[in-house]
Every structure is written in structure tokens, then in C-alpha cells.
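Here is the structure we will look at, set down as C-alpha cells.
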Amino acid sequence: MNYSKAIKSLDTILFWCLLAILVLSALMYSFVFIINWEDWFFGTKLAGLSAGMYLLAKTVTAIVLTVLLVQFPNYKKVITLMAVAYFGFILSDSATTIQKNTGGRVSFSIVLAIFFLIPVLYFIANTIATRWDTGKEKGDKETPASGASAPEHEIKPCTITIIIGIAGVIALMFIWAILIPVGFSLIASHIPFFKDLGLPKAQDTLLIRVSQNGTPEWQTVLPGYSLEPVRVKPLPECGYIVYGTYWMPGEHWIAMRAINVDCRGTVVWDIHLPIEREAENPGRITSIDPVEGKFLLTISNGKTLLLDAQGKILSRGVVAEGEGTAVESPGLPVGFYTSTLPASSVTVRTLSEGKLRAFFTVENTVTDKEIASIYSVNPTPDGGYLVSGTVNP
Numbered sequence: 270m271n272y273s274k275a276i277k278s279l280d281t282i283l284f285w286c287l288l289a290i291l292v293l294s295a296l297m298y299s300f301v302f303i304i305n306w307e308d309w310f311f312g313t314k315l316a317g318l319s320a321g322m323y324l325l326a327k328t329v330t331a332i333v334l335t336v337l338l339v340q341f342p343n344y345k346k347v348i349t350l351m352a353v354a355y356f357g358f359i360l361s362d363s364a365t366t367i368q369k370n371t372g373g374r375v376s377f378s379i380v381l382a383i384f385f386l387i388p389v390l391y392f393i394a395n396t397i398a399t400r401w402d403t404g405k406e407k408g409d410k411e412t413p414a415s416g417a418s419a420p421e422h423e424i425k426p427c428t429i430t431i432i433i434g435i436a437g438v439i440a441l442m443f444i445w446a447i448l449i450p451v452g453f454s455l456i457a458s459h460i461p462f463f464k465d466l467g468l469p470k471a472q473d474t475l476l477i478r479v480s481q482n483g484t485p486e487w488q489t490v491l492p493g494y495s496l497e498p499v500r501v502k503p504l505p506e507c508g509y510i511v512y513g514t515y516w517m518p519g520e521h522w523i524a525m526r527a528i529n530v531d532c533r534g535t536v537v538w539d540i541h542l543p544i545e546r547e548a549e550n551p552g553r554i555t556s557i558d559p560v561e562g563k564f565l566l567t568i569s570n571g572k573t574l575l576l577d578a579q580g581k582i583l584s585r586g587v588v589a590e591g592e593g594t595a596v597e598s599p600g601l602p603v604g605f606y607t608s609t610l611p612a613s614s615v616t617v618r619t620l621s622e623g624k625l626r627a628f629f630t631v632e633n634t635v636t637d638k639e640i641a642s643i644y645s646v647n648p649t650p651d652g653g654y655l656v657s658g659t660v661n662p
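Each residue of the sequence shown is one higher than the one before, starting from 270 at the first, in the working numbering.
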């Protein structure tokens with residue numbers, strides 16, 4: 270059996286497998302970095318700048334290892350050990366997070382374990398293949414008459430130098446992947462420029478009233494925009510209350526917000542209370558009920574606010590025991606499709622029970638900016654709609 274050929278074939282296969290998982294890791298972490306700055310660090314959830322730095326570090330490390338492996342084939346062993354350290358760190362990080370989130374029922378990710386195993390096996394296979402070739406070269410250099418071999422310094426490098434080099438590389442990877450991003454994120458959170466890098470874009474809400482026959486009746490621009498489909502409460506006399514969880518660009522915070530607009534789109538009052546960005550359960554407005562010329566706001570965390578006719582807070586309270594907070598007021602949005610965005614004119618098709626129910630076109634006639642998105646279409650009792658979209662300020 271030709272063992273040399275088998276070892277070389279295995280070495281080649283594992284080499285390409287290592288390249289593949291490095292490229293896959295770079296693509297995976299870069300994709301998450303682009304769409305959502307959230308990650309886990311040894312059981313601790315990261316969000317915002319710290320998560321972005323951590324994802325960037327893992328992405329760049331995978332890219333650097335890929336380039337080094339291709340461009341410097343003479344240093345495969347050292348680079349492979351760097352890959353072992355990289356995937357070993359990711360595996361241990363993931364295992365700690367998985368065990369914490371599953372209460373110890375699951376120990377680690379099989380996929381990440383395989384990712385760690387591939388560079389380990391490649392290092393072993395490459396070492397055996399190299400020693401095999403070195404042994405053959407040594408035998409070829411020996412003469413039948415004397416049995417002399419090549420000088421020892423031409424056969425193997427200094428072991429101490431290799432160990433020091435590997436330790437240095439692993440230390441640099443640890444500093445790059447852990448200490449720099451975590452340390453920088455702690456410092457950057459106190460620097461306004463860096464603190465605001467991960468903030469959403471500054472956009473305003475374009476609120477459009479569409480009649481039953483699909484004709485836009487009025488529109489108004491509101492500062493900020495909702496991070497979710499909004500709810501609409503029609504008022505008995507005239508007008509609407511639009512409420513949801515809004516991003517307030519000028520003030521750099523998220524707010525639970527309620528806006529009272531009259532029949533012509535004029536803002537009567539606008540109340541928005543700040544919510545901490547990192548709060549896991551910040552609370553949101555679940556219902557708004559007119560009460561004798563006033564307005565009672567119920568929040569998902571069990572608290573209530575009583576507003577006067579101008580939207581000023583008269584009192585704060587809590588929901589009485591046994592009343593519950595699960596029942597939410599109507600005003601839910603409907604499903605919809607839109608034409609290509611951004612655009613100055615947008616076609617909206619509403620969807621209900623799996624069927625198209627309405628068709629209308631809206632334009633931004635307040636400013637000269639294009640409509641960037643439509644994020645909520647709410648039906649009104651008279652068969653019309655309130656359309657909420659975003660425009661650049």
C-alpha cells in the first residue's frame with residue numbers, strides 16, 4: 270500500500286477543508302456584522318458597538334488566516350496552529366454560551382466542533398507528510414559508500430524558535446480578538462462619536478391619510494419613526510391617535526410614543542417617553558382609551574398614564590390586580606406590498622386573509638425627499654387607511 274500517496278491526498282483534502290471553513294466563517298461573521306450588531310461572549314450577550322467590534326474581529330481574523338494560508342505555504346504549520354487557536358476560542362466561547370442558555374442540557378455545537386477538528390487533523394496530516402518527505406530526501410542524500418547525510422541544520426529548524434513564534438502569534442490573536450474589541454468598546458461608550466456609530470439612520474415619519482376610494486386626503490411629517498408597525502386609535506369626535514415604539518434621531522433614544530392628529534392631519538399633542546436602548550423589557554403602550562375628555566395610556570409593564578386633552582401627564586398609576594394587561598386595543602395594521610423603494614411615488618397593495626383588498630398610490634408632497642420605506646398601513650373605521658412611511662429629514 271502506498272502510504273505516502275494516501276497521506277499526501279489526506280493532507281490536500283484537509284487543506285481545502287480548512288480554507289473552506291475559514292472563508293465560510295469570514296462570510297458568516299461579516300453577514301451578521303452588516304445586518305445586526307448582536308453576539309454572545311462566553312454567555313454574556315453583546316449589543317451595539319461591543320458586539321460590532323467583536324464580530325469585526327472574528328471576521329478579520331478569518332480573512333487574515335485565509336490570506337496567510339494561501340500566500341505563505343512554507344509556514345503552513347504555524348498558520349494552522351493559529352487556525353486551531355482561532356476555532357478553539359470560538360468553540361469554547363460558543364460552548365459556554367450554549368451551556369448557559371440551555372441550562373447544561375447541550376454542551377457544545379457539533380458544527381463548531383468539526384470546524385475546530387479540521388485544522389487539528391490538518392496539522393497532524395501535514396506534519397506526517399512533511400516528515401515523510403523529509404525522510405525520503407534524507408535517504409536520497411545518503412551515499413551507498415559512506416552513508417553520509419545532509420547537515421542537520423538543513424533538515425529541521427530550531428524547535429525553540431518555532432515554539433516562541435507560535436506562542437507569540439497566539440498571544441497576538443488573543444489581543445486582537447479579545448482585548449482590543451472589548452477594551453475599545455468600554456472606552457468608546459463614553460466617546461460621543463464612537464458611541465453613535467451604531468445608531469439607526471436619522472429619518473422622519475410621513476403620515477398619510479388615504480380615503481376609502483384610495484385618494485390621499487392629507488399628509489404630515491413627524492420627527493422620528495417607529496421601529497415596528499404602529500397602532501391607530503380612532504377618536505369618537507374626530508382624528509386619530511397613532512402610537513408605537515419610536516426612534517427619536519435628534520435625541521438619540523427610543524421612545525414609547527403617542528401622537529394625536531386631528532381630521533386634517535394637524536398634530537394636537539405628541540408625548541414620547543424615553544426607553545433605555547439596552548433594556549430587555551422596556552415596556553410599550555398597549556392601549557389608549559378616551560376617558561371624559563382625558564386619555565388613559567396602559568403600558569405593557571403594568572403602569573398607566575393619565576393625560577389631559579393637551580397630552581400633558583396628569584397622574585401615573587398601575588393596573589389594578591386582577592384586571593390584567595394582555596388585552597390590547599384594536600387598530601392593528603394590515604399586511605401590504607409596495608412598489609420599488611425609495612421613490613417619490615409609491616404604490617401600496619393591502620393584504621387581508623391572503624387576498625389583495627385595496628390598491629392606492631401615495632406621494633410625498635410635503636418635502637422634496639423620496640419615500641424611503643412604508644412600515645405600517647392601518648385601516649380606519651370608514652374604510653380608509655393611515656399610512657406610515659419614512660423620509661430623510
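Note that beta-carbon positions come from the ideal geometry of N, C-alpha and C, so glycine has one too.
Everything numeric in this text was worked out from a predicted model, so none of it was measured.
Distance between residue j and residue i (C-alpha atoms, nearest Å)
i	j	result
Thr349	Pro388	6 Å
Leu390	Lys327	22 Å
Arg478	Leu655	5 Å
Ile489	Thr330	Reading the sequence as shown, one finds Thr at residue 489 and not Ile. The straight-line gap from Cα to Cα measures roughly 48 Å.
Gly652	Leu318	45 Å
Leu381	Leu288	15 Å
Phe310	Asp362	6 Å
Arg553	His541	11 Å
Ile304	Leu296	12 Å
Gly580	Val536	11 Å
Leu574	Leu293	51 Å
Ile276	Tyr344	19 Å
Leu576	Gly658	27 Å
Ile582	Phe628	40 Å
Gly586	Asn482	42 Å
Cys286	Lys369	30 Å
Pro602	Leu324	35 Å
Val375	Ile367	7 Å
Phe300	Tyr606	26 Å
Glu506	Lys314	48 Å
Phe284	Leu337	13 Å
Pro650	Thr636	29 Å
Leu291	Ala524	41 Å
Gly591	Asn570	Only weak support exists for where Gly591 lies, its pLDDT of 49 falling under 50; the coordinates are left without a value.
Gly562	Val588	20 Å
Asn633	Ile544	30 Å
Thr484	Ile568	34 Å
Phe356	Trp522	37 Å
Phe385	Ala316	26 Å
Leu476	Trp487	8 Å
Pro342	Tyr298	25 Å
Leu504	Ile332	57 Å
Arg618	Asp531	25 Å
For residue i, the nearest candidate out of the options (CA to CA)
i	options	result
Ser273	Ile397, Ile510, Ala627 and Pro611	Ile397
Gly321	Glu632, Leu296, Trp306 and Glu639	Trp306
Leu620	Val635, Glu639 and Pro648	Pro648
Thr630	Lys624, Lys638, Ile643 and Thr616	Thr616
Gly534	Leu491, Phe358 and Thr659	Leu491
Ala578	Ile304, Ala471 and Ile557	Ile557
Val501	Asn482, Arg526 and Lys563	Arg526
Tyr509	Asn529, Ala524, Ile523 and Val588	Asn529
Gly519	Asp539, Pro662, Val587 and Asp637	Pro662
Thr474	Lys638, Phe284, Phe302 and Pro650	Lys638
Ala364	Leu386, Ser378 and Phe284	Ser378
Leu625	Glu632, Pro505 and Gly604	Gly604
Phe392	Val347, Val339 and Thr335	Val347
Gly312	Thr567, Pro505 and Ile359	Ile359
Asp539	Thr555, Phe564 and Val560	Phe564
Met351	Val339, Gln340 and Leu334	Leu334
Ala394	Glu632, Phe356, Ile640 and Leu279	Leu279
Met517	Ser480, Val560 and Ala471	Ala471
Val339	Ile383, Thr281, Ala354 and Phe302	Thr281
Paired residues, beta bridge with residue i - DSSP
i	result
Ile564	A quick correction: the sequence has Phe, not Ile, at residue 564. In the DSSP output, where bridge partners are listed per residue, Phe564 has Pro559 and Leu576.
Tyr494	Trp516
Phe605	Thr619
Phe310	Thr313
Glu632	Ser614
Asp473	Pro492 and Val660
Tyr391	The partner list for Tyr391 (beta bridge, DSSP) is empty, contrary to what the question assumes.
Asn647	Leu655
Asp539	Ile528
Ser584	Leu575
Ala382	Bridge partners of Ala382: none, in fact.
Ser642	Thr659
- Are the region 509-516 and the region 607-614 in contact at 8 Å, needing three or more beta carbon pairs? no
- Query: Are three or more beta carbon pairs between the region 494-501 and the region 637-646 nearer than 8 Å?
  - Reply: yes
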